[in-house]
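*Asks:* One structure, pasted below without further comment.
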Amino acid sequence: MKYLILISTLLFWSTTAVAQFQSDDIDISGYIQGMPVWINADLPPPFEKDSFWEYRLQNRLNLQWYLSSDLTFNWEMRTRFFAGDLVQDIPFYAEAIDQDDGLVNLSWLIADQEKWLLHYIPDRLNLDWYSGDWRITAGRQRVNWGINTITNPNDLFNLYSFYDFDYPERPGSDAIRIQYFLDWASRVEMAYRPARDVKNSVAAMLYGFNTGGYDIQLITGYYQHRWAAGGGWAGSINQTGFKGEVMFFVNLEDLPDEKPTNLIAAVTVDHMFDNSLFLIVEALYNKNGGRNDFFLLGEPLTADNPSFSQFQLSTQGSYPFSPILNGSLATIFYPDEEAMFISPSVTWSAMQDLDVNLLTQIFIGSDDSAFSSAGSVIAGSIKWNF
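385 is the number that numbering that gives the first Met the number 0 gives the last residue of the sequence shown; the numbers go up by one with no jumps.
Written as structure tokens, this is what we have:
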């Protein structure tokens, strides 16, 4: 506990000190978040227990420096403190945290002790030039081509995981992105994400336009030694939102134990009811059938395999019980796995800039499913935004 108090004090005062440097040319924002997490998972030998406590403290710092009317320098970073059973009992836990998949390894394991560790990583670090109809962004950034709320096969550059409950900013990637705006509703984008192994790089083009009240995007390019083509749409039918994403992947060479093609399609409808209930329903088809296992510290999902099952039906509802209390419930049904994911959450705005949240994630699956030993998570958090 003394380490938690020390680290929290240092993060608070460092954040306060940095915030004093704000000016007309520099904008600083972020938050400090404390989060106890309880995890129950049936881990394989040699792990002897199936219940773990972890204590997390996170400092998010976002800095935008307006170098000129056309040029902005963006630097956004996470500094996280971990303590508890996972740090002590899982030998490779620090190594799993200290990961940077970008071209440049900017991950810094500041301290790695027996009972706690401290880690820093920037997930945005770029120069953004925007003038007239052109915009060019170079460096670590989020190239967000996804349309759906839950699953995004169009997001070729930095897919996020819906199960990652403490990363609302979502990951970025080391890339260069060029955008040319043809008019108010049409644009052409080209983006390139190099990799240490050339075969793992991504280079793609997007053409977006509006027709009949629908925003349409068409995508094609190179995705980790596969050809990728597809697109997405977003519009509405009466008062109900209707959107979706489709991608087709083809291997550029035959690989053992890997199917040569994959088709992924996800369709979403959403509706705001008169009582302020907002409901999202998504149906997903992943031709290759997802993954065989769900690991506590497993590899992230990818655009060419963004689900754990071939079919997936998801719902997410949120409802404001009062101006300061909001509840949500997300469920995902995996019919071919005979499994289900349930995640209720409640958020209380205790005061201005201070939020309290309680979230649960429960995986239920048959003995033959990928979720048979996935377990459950209960997490609480207190977040101060500045």
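Backbone N, C-alpha and C define an ideal beta-carbon position, used for all residues, glycine too.
(1) Name the one or two DSSP bridge partners that A378 has.
(2) What are the uninterrupted segments assigned as beta strand (DSSP E) that are 3 or more residues long and contained completely in the region 76-139, given in chain order?
(3) In angstroms, rounded to a whole number, what distance separates the CA positions of T455 and V268?
(4) What residues in its chain sit with their C-beta under 6 Å from that of I263, if we drop five residues either side in the sequence?
(5) Taking only the alpha-carbon atoms, compute the straight-line gap between I38 and R139 and give it to the nearest angstrom.
(6) Go ahead and label D49 buried or exposed: buried means 16 or more other beta carbons lie within 10 angstroms of its beta carbon, across all protein chains shown.
(7) What ranges does the beta strand (DSSP E) occupy inside the region 260-309, keeping only unbroken runs of at least 3 residues that lie completely in it?
(8) What residue does the beta strand (DSSP E) around P170 start on, and which one ends it?
(9) Quick one: what's got a C-beta closer than 8 Å to P259's C-beta in the same chain, skipping five residues either side?
(10) Looking at the unbroken beta strand (DSSP E) that takes in N209, where does it start and where does it end?
(11) Do you know offhand how far D122's Cα is from D41's?
(12) Beta-carbon separation of R141 and N157 under 8 Å?
(13) Closer than 6 Å by C-beta to M76: which residues in its own chain qualify, once you throw out the five before and the five after it? Chain order, please.
(14) Determine the direct distance from the alpha carbon of I377 to that of L357, and round the result to whole angstroms.
(15) Please return the same chain residues whose Cβ sits closer than 7 Å to the Cβ of P159, not counting the five positions on each side in sequence.
(16) Along the chain, where does the beta strand (DSSP E) containing T239 start, and where does it finish?
(17) Name the residue from P35, L278, L116 whose alpha carbon lies nearest to the alpha carbon of E53.
*Replies:* Taking the structure as given:
(1) For the purposes of this step, residue 378 is identified with residue 379 of the sequence shown, where counting begins at 1. According to DSSP, which records beta bridges pairwise, A378 is partnered with V36, L358.
(2) Segments of the beta strand (DSSP E) lying fully in the region 76-139: 107-111, 115-130.
(3) No answer is possible for residue 455: it lies beyond the span of the chain, which begins at 0 and ends at 385.
(4) Residue 263 sits at position 264 when you count from the first residue of the sequence shown. Closer than 6 Å at the Cβ level, and outside the excluded window around I263, lie P152, M246, N285.
(5) Translated into the one-based positions of the sequence shown, residue 38 becomes position 39. Translated into the one-based positions of the sequence shown, residue 139 becomes position 140. So the two alpha carbons sit approximately 32 Å from each other.
(6) Within the sequence shown, the letter at position 50 stands for residue 49. Exposed is the call here.
(7) As far as the region 260-309 is concerned, its whole beta strand (DSSP E) runs of at least 3 residues are 260-271, 277-285.
(8) Residue mapping note: residue 170 aligns to position 171 of the sequence shown, counting from 1. From DSSP, P170 is part of no beta strand (DSSP E); its letter is neither H nor E.
(9) The residue you call residue 259 lines up with position 260 of the sequence shown. V249, N250, D253.
(10) Locating residue 209 in the sequence shown gives position 210, where the first residue counts as 1. Here the beta strand (DSSP E) through N209 covers 201-210.
(11) Translated into the one-based positions of the sequence shown, residue 122 becomes position 123. Translated into the one-based positions of the sequence shown, residue 41 becomes position 42. Whole-angstrom Cα-Cα distance: 32 Å.
(12) The count along the sequence shown starts at 1 and reaches residue 141 at position 142. The count along the sequence shown starts at 1 and reaches residue 157 at position 158. Cβ distance < 8 Å, so R141 and N157 count as in contact.
(13) Reading the sequence shown from its first residue, position 77 is the one you call residue 76. Non-local beta-carbon contacts of M76 in its own chain, meaning distances under 6 Å to residues more than five positions away in sequence, involve L60, P121 in chain order.
(14) Locating residue 357 in the sequence shown gives position 358, counting from the first residue. Locating residue 377 in the sequence shown gives position 378, counting from the first residue. So the two alpha carbons sit approximately 8 Å from each other.
(15) The sequence position of residue 159 within the sequence shown is 160, counting from 1. Correcting the residue type first, residue 159 is Tyr in the shown sequence and not Pro. These residues qualify, in order along the chain: R169, P170.
(16) Within the sequence shown, numbered from 1, the residue matching residue 239 stands at position 240. T239 -> beta strand (DSSP E) spans 239-250.
(17) In the sequence shown, residue 53 corresponds to position 54, counting from 1. It is P35 whose Cα lies nearest to the Cα of E53.
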